[in-house]
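The letter at position 58 of the sequence shown is residue 58 when you use this note's numbering, and the numbering goes up by one with no holes. Even for Gly, the Cβ is constructed at its ideal location relative to N, Cα and C.
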Amino acid sequence: MTQKPMTKTQLVANLAEATGSDKATANQALEALAGIVSKEVAAGGAVTLPGLGKFQCRARPERMVRNPATGEQFMKPADRVAKVTIAKALKDVINN
Numbered sequence: 001m002t003q004k005p006m007t008k009t010q011l012v013a014n015l016a017e018a019t020g021s022d023k024a025t026a027n028q029a030l031e032a033l034a035g036i037v038s039k040e041v042a043a044g045g046a047v048t049l050p051g052l053g054k055f056q057c058r059a060r061p062e063r064m065v066r067n068p069a070t071g072e073q074f075m076k077p078a079d080r081v082a083k084v085t086i087a088k089a090l091k092d093v094i095n096n
């Protein structure tokens with residue numbers, strides 16, 4: 001059974017209810033958190049959100065890749081990607 005992901009509006013409403021604040025404050029907190037995590041990861045750092053996981057930036061070396069549509073191989077330059085490692089606490093909640 002697949003379920004639609006929670007929208008930002010729903011997340012903000014749930015966050016406001018859980019913290020006893022209004023939706024505007026919850027929205028500001030959510031946007032601030034996203035901004036802080038994005039800025040830190042983009043700078044090459046890592047952020048751990050307790051109970052959720054660790055967000056970090058990982059460098060990938062230059063490598064050969066293949067275009068699946070044409071089969072053409074070419075050299076892809078080195079780049080950086082975001083990596084998320086799920087916390088054990090979240091894994092435990094999901095599997096119980």
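Across which residues does DSSP place residue i in a beta bridge pair?
i     : result
Gly53 : Leu49, Ile86
Ala18 : The partner list for Ala18 (beta bridge, DSSP) is empty, contrary to what the question assumes.
Have a look at residue i and residue j and give me their C-alpha separation to the nearest angstrom.
i     : j     : result
Ala24 : Glu40 : 24 Å
Val84 : Gly71 : 30 Å
Gln10 : Gly51 : 20 Å
Pro68 : Val93 : 37 Å
Thr48 : Met64 : 32 Å
Just tell me which of the options has its CA closest to the CA of residue i.
i     : options                    : result
Ile86 : Asp79, Asn95, Ala78, Arg80 : Asn95
Gly44 : Met64, Ala82, Gln73        : Ala82
Asn27 : Val37, Pro5, Asn14         : Asn14
What are the boundary residues of the alpha helix (DSSP H) that residue i is part of?
i     : result
Lys39 : 23-42
Looking at C-beta atoms only, is the number of pairs between the segment 11-30 and the segment 48-62 that lie closer than 8 Å three or more?
Judged by Cβ distances under 8 Å, the segment 11-30 makes no contact with the segment 48-62, as fewer than three pairs qualify.
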